[in-house]
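> Sequence order for the protein chains is A and B. Residue 62 in my numbering sits at position 62 of the first sequence; the count goes up by one each step and never skips. In short: position in the second sequence from 1, add 391, done, that's my numbering. We put the CB at the ideal spot given by N, CA and C, even for glycine. One structure follows; several queries about it will come next.
Protein chains: 2
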Amino acid sequence: MENFKFYSPTEFVFGKETEQEVGKLLTRYNAKKVFIHYGGGSIKKSGLYESVIKALQAENIDYVELGGAKPNPVDALVYKGIELCKKEHCDFVLAVGGGSAIDSAKAIAAGALYDGDFWDFFDRKASVEKALPVATILTIPAAGSEGSSATVITKESAGLKRGMGSDLLRPKFSIINPELTMSLPIWHTAAGIVDMMSHIFERYLSKTKDVILTDRLCEATLVSIMEAAGTIMKEPNDYEARATICWAGTIAHNGSLGVGRQEDWITHGLEHELSALYDMTHGAGLAVMFPAYMQYTLEEDIERFYRLATKAFGVPENHFNKKEVALTGIERLKSFFKDIGMPTTLKDAGAKKEDIPKLLKTLEQNLGQSFGSFKTLTIKDAKKIYELAWE
Amino acid sequence: MENFKFYSPTEFVFGKETEQEVGKLLTRYNAKKVFIHYGGGSIKKSGLYESVIKALQAENIDYVELGGAKPNPVDALVYKGIELCKKEHCDFVLAVGGGSAIDSAKAIAAGALYDGDFWDFFDRKASVEKALPVATILTIPAAGSEGSSATVITKESAGLKRGMGSDLLRPKFSIINPELTMSLPIWHTAAGIVDMMSHIFERYLSKTKDVILTDRLCEATLVSIMEAAGTIMKEPNDYEARATICWAGTIAHNGSLGVGRQEDWITHGLEHELSALYDMTHGAGLAVMFPAYMQYTLEEDIERFYRLATKAFGVPENHFNKKEVALTGIERLKSFFKDIGMPTTLKDAGAKKEDIPKLLKTLEQNLGQSFGSFKTLTIKDAKKIYELAWE
Numbered sequence: 001m002e003n004f005k006f007y008s009p010t011e012f013v014f015g016k017e018t019e020q021e022v023g024k025l026l027t028r029y030n031a032k033k034v035f036i037h038y039g040g041g042s043i044k045k046s047g048l049y050e051s052v053i054k055a056l057q058a059e060n061i062d063y064v065e066l067g068g069a070k071p072n073p074v075d076a077l078v079y080k081g082i083e084l085c086k087k088e089h090c091d092f093v094l095a096v097g098g099g100s101a102i103d104s105a106k107a108i109a110a111g112a113l114y115d116g117d118f119w120d121f122f123d124r125k126a127s128v129e130k131a132l133p134v135a136t137i138l139t140i141p142a143a144g145s146e147g148s149s150a151t152v153i154t155k156e157s158a159g160l161k162r163g164m165g166s167d168l169l170r171p172k173f174s175i176i177n178p179e180l181t182m183s184l185p186i187w188h189t190a191a192g193i194v195d196m197m198s199h200i201f202e203r204y205l206s207k208t209k210d211v212i213l214t215d216r217l218c219e220a221t222l223v224s225i226m227e228a229a230g231t232i233m234k235e236p237n238d239y240e241a242r243a244t245i246c247w248a249g250t251i252a253h254n255g256s257l258g259v260g261r262q263e264d265w266i267t268h269g270l271e272h273e274l275s276a277l278y279d280m281t282h283g284a285g286l287a288v289m290f291p292a293y294m295q296y297t298l299e300e301d302i303e304r305f306y307r308l309a310t311k312a313f314g315v316p317e318n319h320f321n322k323k324e325v326a327l328t329g330i331e332r333l334k335s336f337f338k339d340i341g342m343p344t345t346l347k348d349a350g351a352k353k354e355d356i357p358k359l360l361k362t363l364e365q366n367l368g369q370s371f372g373s374f375k376t377l378t379i380k381d382a383k384k385i386y387e388l389a390w391e
Numbered sequence: 392m393e394n395f396k397f398y399s400p401t402e403f404v405f406g407k408e409t410e411q412e413v414g415k416l417l418t419r420y421n422a423k424k425v426f427i428h429y430g431g432g433s434i435k436k437s438g439l440y441e442s443v444i445k446a447l448q449a450e451n452i453d454y455v456e457l458g459g460a461k462p463n464p465v466d467a468l469v470y471k472g473i474e475l476c477k478k479e480h481c482d483f484v485l486a487v488g489g490g491s492a493i494d495s496a497k498a499i500a501a502g503a504l505y506d507g508d509f510w511d512f513f514d515r516k517a518s519v520e521k522a523l524p525v526a527t528i529l530t531i532p533a534a535g536s537e538g539s540s541a542t543v544i545t546k547e548s549a550g551l552k553r554g555m556g557s558d559l560l561r562p563k564f565s566i567i568n569p570e571l572t573m574s575l576p577i578w579h580t581a582a583g584i585v586d587m588m589s590h591i592f593e594r595y596l597s598k599t600k601d602v603i604l605t606d607r608l609c610e611a612t613l614v615s616i617m618e619a620a621g622t623i624m625k626e627p628n629d630y631e632a633r634a635t636i637c638w639a640g641t642i643a644h645n646g647s648l649g650v651g652r653q654e655d656w657i658t659h660g661l662e663h664e665l666s667a668l669y670d671m672t673h674g675a676g677l678a679v680m681f682p683a684y685m686q687y688t689l690e691e692d693i694e695r696f697y698r699l700a701t702k703a704f705g706v707p708e709n710h711f712n713k714k715e716v717a718l719t720g721i722e723r724l725k726s727f728f729k730d731i732g733m734p735t736t737l738k739d740a741g742a743k744k745e746d747i748p749k750l751l752k753t754l755e756q757n758l759g760q761s762f763g764s765f766k767t768l769t770i771k772d773a774k775k776i777y778e779l780a781w782e
């Protein structure tokens with residue numbers, strides 16, 4: 001086990017009707033003028049927007065708002081948000097939505113108290129030294145941004161999708177009402193499920209030995225996610241299954257499931273190029289990339305994949321042929337992704353084979369010649385993984 | 392699943408030699424004059440005391456100190472600590488030790504900024520509205536106080552052992568170096584193991600249905616604790632097993648394993664009377680009370696005990712006789728407690744049978760006529776449970 005720091009200071013307020021507490025929570029955190037950031041019109045259709053505004057008015061909290069956050073949130077909206085936030089002297093940023101709204105809200109919160117270009121944080125030219133406090137009302141369980149320090153933004157002009165993180169960007173509080181996720185289209189529900197499972201895989205596939213408690217916590221969460229996913233595909237309004245998915249999405253990314261070992265994140269790197277080039281849904285891209293990555297790195301640690309197959313994916317033990325069991329596990333994962341309606345090949349996902357060199361070029365720009373910790377990969381390896389993912 | 396709040400803002404700094412970071416951490420949290428609270432002489436013998444003082448001096452942090460915290464920490468030391476803390480104008484409380492040092496440090500931190508008698512908080516006459524910031528260096532994995540809001544103090548003159556909690560008392564940071572726990576006598580290691588397992592049982596034995604993710608996380612932690620306990624009994628210096636026990640003890644009580652359901656805590660109530668009357672080690676008292684409590688409440692929810700037996704204690708499934716499987720589970724738990732050297736009857740633990748009425752009297756004083764949520768118990772039920780625990 002490696003030394004670690006675990007820090008998850010966010011106050012999670014979870015359950016039915018909890019969005020109605022937002023006004024009181026903001027008051028408790030001394031918010032006077034809130035910058036509300038959200039995505040498309042869905043929160044207006046669902047009535048959530050109105051509930052939030054009412055809750056703020058009841059506490060005499062002033063606000064300005066900016067909608068329009070889209071999947072793979074872009075720099076243009078962040079610039080706009082920062083400008084508005086500075087102009088209006090907001091002292092708190094509230095994201096209402098999924099990972100995109102939360103991620104751009106975090107970038108706005110950091111940029112609002114920074115004199116330079118906010119992209120400096122993503123370029124590693126500056127680190128976040130202060131930021132407006134952030135809170136969230138989650139509507140899409142997926143990215144785990146409601147409990148994480150991270151934000152991922154796409155710089156459209158350069159076709160770059162990059163992430164950065166700071167403890168200052170961890171939400172002060174996050175409101176998670178599973179009922180709000182029931183109206184999500186099945187496609188988005190499924191993409192979110194892949195996303196949170198991937199956050200666990202990036203931590204589970206590690207070179208660090210002897211972190212058996214973390215292993216078991218990861219497996220417990222994976223089993224619960226897959227079980228709840230099966231329920232939701234049949235009964236989208238099942239509260240308990242929705243609640244399981246919501247909480248699993250949060251703990252999959254607040255650090256709980258990574259303690260004590262080196263994390264990898266290279267499959268996210270491989271996927272980021274896909275969503276930057278094609279504006280592909282992040283979860284769909286991960287459903288394509290993870291089975292290919294696992295297949296390619298299998299020999300690196302057959303025991304690890306054997307454990308994953310038997311403890312998380314229900315493949316029967318067979319100590320005489322661990323590699324076969326491990327491979328069956330990867331196949332099961334692929335079938336599961338198909339069963340919930342996700343693409344599992346680049347072809348199905350709408351990519352073009354002739355774009356692979358382009359993907360590799362930006363990958364190299366972002367990550368250099370060599371990357372990954374579970375298995376050290378080169379650009380040549382990345383090429384093979386993209387090809388493996390093709391069909 | 393019930394609505395819940397999960398809030399664990401403590402920064403956990405975990406691993407080898409992490410105690411050396413205490414000076415830098417205190418500086419980061421703006422400590423200028425630290426009140427150091429610890430137990431007996433063990434931290435002086437082990438060299439930990441010296442390391443801490445060196446780390447403080449390196450950062451020019453002033454300090455005063457008070458040793459003497461004992462298991463089942465008492466009000467007298469808390470009064471002494473509060474007086475010293477006020478007199479010396481300390482602005483930060485650092486506990487170095489196990490649950491006792493941490494619990495009295497928390498009471499001191501709350502009392503230092505309160506004009507009345509600190510026991511008011513435990514009497515429910517006042518609630519904590521401000522407190523000095525607290526941090527910990529953990530040396531005994533057991534109570535989970537390093538990540539919890541709670542403190543339990545014994546008022547010796549009245550023979551009362553009571554708890555209270557406040558988010559203001561959650562440690563700002565907790566340093567956990569598993570190496571520091573290697574020198575713990577096996578008896579204390581074992582008592583700590585029972586304590587942390589009990590923190591999980593109090594949450595696992597619940598009336599709330601459909602919290603399957605939390606169930607699985609509890610089971611994963613219990614399995615890991617029992618496995619690591621077996622290793623430590625043979626190899627007390629096994630770092631990985633010590634690390635598992637340390638982290639399990641923390642997550643068993645920072646709220647992670649209770650989300651979404653009603654918790655019980657009545658077995659802790661039954662045990663508190665034992666440690667108040669006999670100054671019994673808390674973990675030893677719990678090793679006596681939990682099997683008796685489980686046996687007594689078995690019929691309340693056989694499915695729950697069946698799940699515990701099969702998923703956490705390794706009893707083979709048998710759907711034709713779930714009650715027998717459930718009972719076998721309780722027997723296995725009792726054997727495990729015996730195997731790690733704990734008493735499992737009141738007689739073994741050195742209690743006197745004629746004291747049972749005395750135990751019931753203070754229990755009634757503390758909890759009233761009726762208590763418990765998994766099964767609602769009366770004083771008559773409590774009498775039967777103490778009798779069941781006798782031999």
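1. Given a threshold of 16 other Cβ atoms within 10 Å of its Cβ, counted over all protein chains shown, does residue 376 (chain A) qualify as buried or as exposed?
2. Let me check understanding here. Comparing Cα to Cα, which of B:644, B:635 and B:455 lies closest to residue 1 (chain A)?
3. Answer yes or no: do residue 654 (chain B) and residue 680 (chain B) have a C-beta to C-beta separation smaller than 7 Å?
4. I want to verify the contact list: residues of chain A whose CB lies under 7 Å from the CB of residue 631 (chain B), in sequence order.
5. Determine whether the Cβ of residue 244 (chain A) lies closer than 7 Å to any Cβ atom of chain B.
6. Give me the subset of the segment 540-555 of chain B whose CB atoms are less than 9 Å from a CB atom of chain A, sorted by chain position.
7. Please classify residue 575 (chain B): does DSSP put it in a helix, a strand, or coil?
8. Which residues, in order along the segment 292-326 of chain A, keep a beta-carbon less than 9 Å from a beta-carbon of chain B?
9. Between the Cα of residue 7 (chain A) and the Cα atoms of A:253, A:71, A:41 and A:66, which residue gives the shortest distance?
10. Comparing C-alpha positions only, which one of B:656, B:740, B:772 and B:523 sits nearest to residue 764 (chain B)?
11. Looking at the unbroken beta strand (DSSP E) that takes in residue 10 (chain A), where does it start and where does it end?
12. When you compare each of A:131, A:23 and A:197 to residue 257 (chain A) by their alpha carbons, which one comes out closest?
13. Quick check on residue 750 (chain B) - is its C-beta less than 7 Å from some C-beta in chain A?
14. So that I know if they touch, is there some Cβ in chain A lying closer than 7 Å to that of residue 595 (chain B)?
15. Suppose you measure from the CA of residue 414 (chain B) to the CA of residue 422 (chain B); what does that come to, to the nearest Å?
16. Given 8 Å as the limit, is there contact between the segment 277-291 of chain A and the segment 231-242 of chain A, that is, 3 or more CB pairs closer than that?
17. What first and last residue would you give for the beta strand (DSSP E) that runs through residue 456 (chain B)?
18. So which residues on chain A does residue 400 (chain B) lean against when the C-beta distance must stay under 9 Å?
19. Compile a chain-ordered list of the residues in the segment 610-631 of chain B whose CB is closer than 9 Å to at least one CB of chain A.
20. What's the C-alpha gap between residue 530 (chain B) and residue 539 (chain B)?
21. Determine the direct distance from the alpha carbon of residue 162 (chain A) to that of residue 70 (chain A), and round the result to whole angstroms.
22. Might you give, ordered along the chain, the residues of its own chain that have their beta carbon closer than 6 Å to the beta carbon of residue 36 (chain A), omitting 5 neighbours on each side?
23. In chain A, which residues lie less than 9 Å from residue 478 (chain B) when you measure between Cβ atoms?
24. Does residue 296 (chain A) come out as helix, strand or coil in the three-state DSSP assignment?
25. In whole angstroms, what is the alpha-carbon distance linking residue 115 (chain A) and residue 658 (chain B)?
26. Across the segment 499-518 of chain B and the segment 440-454 of chain B, are there enough close Cβ pairs to call them in contact, namely three or more that are closer than 8 Å?
27. May I have the straight-line CA-CA distance separating residue 527 (chain B) from residue 535 (chain B), to the nearest angstrom?
28. Look at the alpha carbon of residue 16 (chain A) and the alpha carbon of residue 175 (chain A), and state the distance between them as a whole number of angstroms.
29. Whose C-beta lies closer than 6 Å to the C-beta of residue 130 (chain A) among residues of the same chain, with five residues either side of it excluded?
30. How about residue 678 (chain B) and residue 693 (chain B): are their beta carbons less than 7 Å apart?
31. Would you mind sorting residue 89 (chain A) into buried or exposed? The rule is 16 or more other CB atoms within 10 Å of its CB.
32. Does residue 216 (chain A) get closer than 7 Å to chain B when you measure Cβ to Cβ?
33. Closer than 9 Å between beta carbons: that is the criterion. Which residues of the segment 124-140 of chain A meet it against chain C?
34. Step through the CB atoms of chain B and report whether any lies within less than 7 Å of the CB of residue 192 (chain A).
35. Are the beta-carbon atoms belonging to residue 755 (chain B) and residue 776 (chain B) less than 7 Å from one another?
36. Closest to residue 232 (chain A) by CA distance: which of A:192, A:347, A:255 and A:220 is it?
If we stick to the structure as given:
1. Within a 10 Å sphere around the beta-carbon of residue 376 (chain A) sit fewer than 16 other beta-carbons, which makes this residue exposed.
2. The option with the nearest alpha carbon to residue 1 (chain A) is B:635.
3. At the C-beta level, residue 654 (chain B) and residue 680 (chain B) stay beyond 7 Å of one another.
4. Result: 1 and 210.
5. For residue 244 (chain A), a Cβ of chain B is located within less than 7 Å of the residue's own Cβ.
6. Of all residues in the segment 540-555 of chain B, none places a beta-carbon less than 9 Å from a beta-carbon of chain A.
7. DSSP places residue 575 (chain B) in coil when its eight states are reduced to three.
8. Listed in sequence order: no entries.
9. If we check each option's Cα against that of residue 7 (chain A), A:253 comes out closest.
10. Taking each of B:656, B:740, B:772 and B:523 in turn and checking the Cα distance to residue 764 (chain B), the smallest one comes out for B:656.
11. Residues 4-14.
12. Out of A:131, A:23 and A:197, A:197 has the C-alpha closest to the C-alpha of residue 257 (chain A).
13. No, because no Cβ of chain A sits closer than 7 Å to the Cβ of residue 750 (chain B).
14. For residue 595 (chain B), the answer is no, since every Cβ of chain A falls outside 7 Å of its Cβ.
15. Cα-Cα distance, rounded: 9 Å.
16. They do not touch, by the three-pair rule.
17. Per DSSP, residue 456 (chain B) belongs to the beta strand (DSSP E) from 453-457.
18. Within 9 Å Cβ-Cβ: 7, 8, 9, 10 and 11.
19. Residues of the segment 610-631 of chain B with a C-beta atom less than 9 Å from some C-beta of chain A are 610, 611, 612, 614, 615, 616, 618, 619, 630 and 631, listed in chain order.
20. Near 16 Å, if we compare the C-alpha coordinates of residue 539 (chain B) and residue 530 (chain B).
21. Across the structure, residue 70 (chain A) and residue 162 (chain A) are spaced so that their CA atoms are roughly 16 Å apart.
22. Here the set comprises 63, 65 and 94.
23. Within chain A, no residue comes near residue 478 (chain B); the closest Cβ sits about 32 Å away, beyond 9 Å.
24. For residue 296 (chain A), the secondary structure class from DSSP, reduced to helix, strand or coil, is helix.
25. Spanning the two alpha carbons is a distance of roughly 57 Å.
26. Below 8 Å, too few C-beta pairs join the segment 499-518 of chain B and the segment 440-454 of chain B to call them touching: fewer than three.
27. Rounded to the nearest whole angstrom, the C-alpha separation of residue 527 (chain B) and residue 535 (chain B) is 11 Å.
28. Approximately 10 Å between the Cα atoms of the pair.
29. Result list for residue 130 (chain A): 113, in chain order.
30. At least 7 Å separates the beta-carbon of residue 678 (chain B) from that of residue 693 (chain B).
31. Exposed is the call here.
32. Interface residue (Cβ-Cβ distance to chain B less than 7 Å): residue 216 (chain A) is classified as such.
33. Absent here is chain C; the protein component of the structure consists of chains A and B.
34. Not flagged as an interface residue toward chain B: residue 192 (chain A), since no C-beta distance is shorter than 7 Å.
35. In this structure, residue 776 (chain B) does not lie closer than 7 Å to residue 755 (chain B) by Cβ.
36. Of A:192, A:347, A:255 and A:220, the residue nearest in Cα terms is A:192.
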